[in-house]
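Quick notes on the structure that follows.
Protein chains: 4
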Amino acid sequence: MRIPSDRPPQGGLRAAIHEIVYGVDTPAGRAFDVLLLLAILLSVAVVMLESVPAINERHGAALRIAEWAFTLLFTVEYAVRLWTVAHVRVYALSFFGIVDLIAILPAYLSVLAPGTQSLLVIRALRLLRVFRVLKLVRHMREAYGLLAALQAARPRIVVFLGGVLTAAVVFGAVMYLVEGDEAGFTSIPTSIYWAVVTMTTVGYGDIAPRTPLGQFLALALMILGYAVIAVPTGIVSAELTRAGRPARSARVCPSCAQKKHDPDADFCKSCGAEL
Amino acid sequence: MRIPSDRPPQGGLRAAIHEIVYGVDTPAGRAFDVLLLLAILLSVAVVMLESVPAINERHGAALRIAEWAFTLLFTVEYAVRLWTVAHVRVYALSFFGIVDLIAILPAYLSVLAPGTQSLLVIRALRLLRVFRVLKLVRHMREAYGLLAALQAARPRIVVFLGGVLTAAVVFGAVMYLVEGDEAGFTSIPTSIYWAVVTMTTVGYGDIAPRTPLGQFLALALMILGYAVIAVPTGIVSAELTRAGRPARSARVCPSCAQKKHDPDADFCKSCGAEL
Amino acid sequence: MRIPSDRPPQGGLRAAIHEIVYGVDTPAGRAFDVLLLLAILLSVAVVMLESVPAINERHGAALRIAEWAFTLLFTVEYAVRLWTVAHVRVYALSFFGIVDLIAILPAYLSVLAPGTQSLLVIRALRLLRVFRVLKLVRHMREAYGLLAALQAARPRIVVFLGGVLTAAVVFGAVMYLVEGDEAGFTSIPTSIYWAVVTMTTVGYGDIAPRTPLGQFLALALMILGYAVIAVPTGIVSAELTRAGRPARSARVCPSCAQKKHDPDADFCKSCGAEL
Amino acid sequence: MRIPSDRPPQGGLRAAIHEIVYGVDTPAGRAFDVLLLLAILLSVAVVMLESVPAINERHGAALRIAEWAFTLLFTVEYAVRLWTVAHVRVYALSFFGIVDLIAILPAYLSVLAPGTQSLLVIRALRLLRVFRVLKLVRHMREAYGLLAALQAARPRIVVFLGGVLTAAVVFGAVMYLVEGDEAGFTSIPTSIYWAVVTMTTVGYGDIAPRTPLGQFLALALMILGYAVIAVPTGIVSAELTRAGRPARSARVCPSCAQKKHDPDADFCKSCGAEL
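And the structure:
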């Protein structure tokens, strides 16, 4: 998730614009990023408001104009990024290069495919602009610490989720037979949906067991979910606690062989000999 | 959140009353605080009971009298606090100074704006008196330990919540297109509301997916929520576990002023001088 | 929660029975405890089955007989406990002495107060027999480890719950004004009930916000609840992690002043001098 | 959960097939396992699709054929496993031996018991094939780490779940009396079901308290559940954090065989001999 090219290309204007668009160290670069984030948030808000029937009726035209204005703005920005970056291919294929493209494509695709029916599909594509918000992550160093901890815990979490899904499939299948259509368990996939809704403690209640046996099985599933909710939390806790420990350098004192010196120690804490 | 002025002003009666109102070390000061907390709890109970239709019909008049009695009591208390404190401006602008004012203002504002319609608004202002309960926090030292741990974990929690909200926006927009009006996904904001309700495992069930694709996406969101619920818990756990570790002794090296020596260090790890 | 008197009274039969009733070290004592637990579980099951209308219609008489049989059994047991224990008053006023009495009293009280109406009340008293199950805790040492960790974390959990309840009161009062009667927010207490249902992520859905502002406030409350669910978990995690750490003895080596020796160390691990 | 026999039997073809079926070190053995997992996933998908009425109507015949094909495939696989393994009895009675058998039995049993009524029962037996998915666990080493942590925490979790269930029984019985039939608390078992649904924060909402007293008791139960959800999480967190700690070096004292020396120890802490 590194920005692909931090070296500005050698060329007056290009280098200056690159500094503004990609850089975060100059006041201009920082102002550009803040304004861009504001524009992204506003464009997301416009898409959201357009979907509310009451607002769309009254301000529909204005919202559509604002949406196209943002589309043009983001298109220019994307073009400038492509122009000023040193290695076009690396940027275009990077995570944020693809996100930047996806954020403008839907609007143009909606022109090529008009019609009453397809309008719904167009709205669907348009909504992907929301991904632009993900850019927010770019400048926050904290996220990397979290990602590292999650990455370290990934194999354990994968095994854990596999176990949860297996339990959901087994319980879903059994509940489908025990409860049947009346209580909403109309098929095994629907019952699995219910099992996950129950294990994750979401519990919509749109499907709920009615027979004593079904309720008993639901209890077993809940208590199982209650017990296993501890597992991913425990994994991440342990990972973060471990990550937070200052690693004692493995330096050994040459005169007294004392180990476990702090990384910033210059003299042995036991005998005072220089390290 | 420190009480702004602990130095009593030089003056017989004022100093004595200051000791009672602000102090917690004398029996009188402690009794005052306990009685005040009781009065706050009772006044909150009065506001709550007044909102219950059945009780308001029968005991409405008595409750309104009790409410005004508490308002007068708290007004006198606020005046005494302003009179006895050394630096009026510091207290008036402190967190608790503002809370103390907000707790009495609504009642007086309700007199200035009579009428059938505005009565509802008055009730709204009145309810802010509930904030007075926050005074409870003042005397509990434990809260500071918790606050310190939460403060240390704040940047990570902010990044985490940003990620959760982004996921809610993306999933909400997609579900709006997949499910449509019938299942309750009437607009993108409503769908985002559903997404947060699902991710936080609250799961009211007032809105719930009905199509197989919608249910599948809901499952993905639930399992995502199940996996990420581990993150804030892990962060706080790690922070609290770290906080509980024996702090490095505060011994300072007499020759180079280096701090943070291990409890078992005999020589300064920076300059080698004997500790 | 210790059994008050472990010293058997000096007297042949009484001492022998005491050994069986209170002791857990002899085969007879262990068999008695296992049988008692079985009887308790069965008596709880009888009370539960009696409440199911379909079962009560068919097997009501048999269940009532079984219930009286268990009542007599537990009465005899209580009398034997009183007879064989060394200090009657200590046992009678201990936690389990009171639980043992409460487990038999309701049945006898139901005889003194006959009548159609009072029958319901009798059932209520009867149900307290369930407490007898708490005896299960007595022999499990693990519970003490948990209790110690919870006790150490108690002040923090109290502060935390106070904060949660304050937030519930404030949000409940605001939602009462924002949403009103239609969405189910009929009074402030009911709204507080909704707020706790939401913060604890239970989310029944019997009361749910309908206005955009109400839904927005509900989202804020959910995310607040999502963030704070980390706190009690973190507190207990930290407490248990700390409890699991072997405390290094504070013994200092007389020849090299090295600290942090293991509790079982006889010689200094740095210089080999005898400790 | 070890595969019972890793030693291939001495015999050309049998040993070669054993290597493919049981081994994971050769390319052939690995390919076999991947194909088997795919077949298991597909067969589970077939059972799931068959339960969806709309799909069963159109593609019912094809799905039944696919199901029988998978049954035959798994039967052949089971026979090969029995033939090539060294100790038939050990395999047949091992966890996976039984799972392998259960995964094929239901299909054959459905032939022996035809009829309209029994068809439903046959479906029930059929669904147990889902257990085959459990085979997925076999090759993941991560699972063992998790299992070890869970096993170490098991006694504490058992005590904890016992406490949760006791609380559910007590609250369920009290709510049955407080709320009654109207709100859905039709019997004590149903009320206990509600109590567990509430404590685990699932909260379907199919049963919800309506009286003020019932709502107050529900709040108490929720906050209890909120507080205790910390316990299993804390237990597993502590267990995993402990597991991650650098193990005391396995150095053994040459003179007294004392183990568990610190990594920085130079002399044996028991006898003072140099390490």
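Sequence order for the protein chains is A, B, C and D. Residue numbers for the first sequence follow the working numbering, so the first one is 1 and each next one is one higher. Residue numbers for the second sequence follow the working numbering, so the first one is 276 and each next one is one higher. Residue numbers for the third sequence follow the working numbering, so the first one is 551 and each next one is one higher. Residue numbers for the fourth sequence follow the working numbering, so the first one is 826 and each next one is one higher. Even glycine gets a Cβ: it sits at the ideal position worked out from N, Cα and C. This one's a predicted model, so the numbers in the text were calculated from it and none came from an experiment.
Worksheet item: Mind checking if residue 852 of chain D is an interface residue toward chain A, Cβ cutoff 8 Å exclusive?
Response: no
Worksheet item: Does the Cβ of residue 906 of chain D have 16 or more other Cβ atoms within 10 Å, making it buried, or fewer, making it exposed?
Response: buried
Worksheet item: Quick one: Cα of residue 615 of chain C to Cα of residue 216 of chain A, how far?
Response: 27 Å
Worksheet item: When burial is assigned at 16 or more other CB atoms within 10 Å of the CB, is residue 726 of chain C buried or exposed?
Response: buried
Worksheet entry | Among C:717, C:590, C:642, C:729, nearest to residue 746 of chain C - alpha-carbon criterion | Among C:717, C:590, C:642, C:729, the Cα nearest to that of residue 746 of chain C belongs to C:717.
Worksheet item: Going straight from the alpha carbon of residue 263 of chain B to that of residue 368 of chain B, what length do you get?
Response: Chain B is shown from 276 up to 550; residue 263 of chain B falls before or after that span and cannot be answered.
Practice prompt. State yes or no: is the beta carbon of residue 1030 of chain D nearer than 8 Å to at least one beta carbon in chain G?
Written response: The chain labelled as chain G is not found among the protein chains of the depicted structure, namely A, B, C and D.
Item to complete: Express the C-alpha separation of residue 761 of chain C and residue 683 of chain C in angstroms, rounding to a whole number.
Response: With a pLDDT of 43 at residue 683 of chain C, under the threshold of 50, the predicted position of this residue should be treated as unreliable, and no value is reported.
Worksheet item: So, residue 1058 of chain D versus residue 230 of chain A, is the Cβ gap smaller than 8 Å?
Response: yes
Worksheet item: How about residue 426 of chain B: is its C-beta nearer than 8 Å to some C-beta of chain A?
Response: no
Discussion item. Taking 6 Å as the limit between beta carbons, can you name the residues of its chain near residue 287 of chain B, skipping five residues before and five after?
Written reply: Excluding sequence neighbours, residue 287 of chain B sits near nothing in its chain.
Fill in: Exposure of residue 18 of chain A, with buried meaning 16 or more beta-carbon neighbours within 10 Å
buried
Item to complete: Using a cut-off of 7 Å between C-beta atoms, extract the partners of residue 94 of chain A located in chain C.
Response: Going along chain C, no residue has its Cβ under 7 Å from residue 94 of chain A, so there is no contact; the nearest lies around 31 Å.
Item to complete: For my contact list, residue 754 of chain C and residue 1028 of chain D are in at a C-beta cut-off of 8 Å; report their separation, rounded to the angstrom.
Response: The beta carbons of residue 754 of chain C and residue 1028 of chain D sit about 5 Å from each other, so the pair counts as a contact at 8 Å.
Fill in: Member of C:775, C:728, C:602, C:650 whose CA lies at the smallest distance from the CA of residue 627 of chain C
C:650
Worksheet item: At a CB-CB cut-off below 9 Å, which residues of chain B make contact with residue 48 of chain A?
Response: 444, 447, 448, 462, 463, 464, 467
Worksheet item: If you check the beta carbons only, do residue 617 of chain C and residue 594 of chain C fall under 8 Å apart?
Response: no
Worksheet item: Would you call residue 15 of chain A buried or exposed, if buried means 16 or more other Cβ atoms sit within 10 Å of its Cβ?
Response: exposed
Item to complete: Classify residue 962 of chain D as helix, strand or coil using the three-state DSSP reduction.
Response: Residue placement at residue 962 of chain D is flagged as unreliable, the pLDDT there being 46, under the threshold of 50; a coordinate-derived value is accordingly withheld.
Worksheet item: In its own chain, which residues sit with a C-beta less than 6 Å from the C-beta of residue 757 of chain C, not counting the 5 before and 5 after it?
Response: 734, 744
Worksheet item: Out of C:623, C:572, C:638, C:641, which has the shortest C-alpha to C-alpha gap to residue 655 of chain C?
Response: Ranking the options by Cα distance to residue 655 of chain C, first place goes to C:623.
Practice prompt. Output yes or no for whether 8 Å exceeds the beta carbon distance between residue 444 of chain B and residue 489 of chain B.
Written response: no
Worksheet item: How about residue 53 of chain A: is its C-beta nearer than 8 Å to some C-beta of chain B?
Response: yes
Fill in: Where residue 759 of chain C sits in the DSSP three-state scheme
When DSSP states are grouped into helix, strand and coil, residue 759 of chain C belongs to the coil group.
Discussion item. Rounded to the nearest angstrom, what separates residue 127 of chain A and residue 712 of chain C at their Cα positions?
Written reply: In this prediction, residue 127 of chain A scores a pLDDT of 48, lower than 50, which makes its location untrustworthy; the coordinate-derived value is nonetheless stated afterwards. Straight-line Cα distance between these residues: approximately 42 Å.
Practice prompt. State the Cα-Cα distance for the pair residue 587 of chain C and residue 600 of chain C, rounded to the nearest angstrom.
Written response: 20 Å
Practice prompt. Within its chain, find whatever has a CB closer than 8 Å to the CB of residue 224 of chain A; leave out the 5 residues flanking it on each side and keep chain order.
Written response: 167, 199
Discussion item. Going by DSSP in three states, residue 594 of chain C sits in which element: helix, strand or coil?
Written reply: helix
Item to complete: For residue 776 of chain C, collect the residues of the same chain with a Cβ closer than 8 Å to its Cβ; drop the 5 residues on either side in sequence, then sort them by chain order.
Response: 751
Worksheet item: Whose C-alpha, out of A:173, A:152, A:172, is nearest the C-alpha of residue 237 of chain A?
Response: A:152
Worksheet item: What did DSSP end up calling residue 127 of chain A once you bin it into helix, strand or coil?
Response: Low confidence applies to residue 127 of chain A: its pLDDT is 48, below 50, so where it sits in the model is not reliable enough to give any reading.
Worksheet entry | Alpha-carbon to alpha-carbon, residue 867 of chain D and residue 887 of chain D | About 13 Å.
Discussion item. Is the separation between the beta-carbon of residue 32 of chain A and that of residue 20 of chain A shorter than 8 Å?
Written reply: yes
Worksheet item: Who are the near neighbours of residue 639 of chain C in its chain, counting only those whose CB is closer than 6 Å to its CB and skipping five residues on each side?
Response: Around residue 639 of chain C: no qualifying Cβ.
Worksheet item: According to DSSP, is residue 787 of chain C helix, strand or coil?
Response: helix
Worksheet item: Just the Cα atoms here: how many angstroms apart are residue 96 of chain A and residue 108 of chain A?
Response: 19 Å
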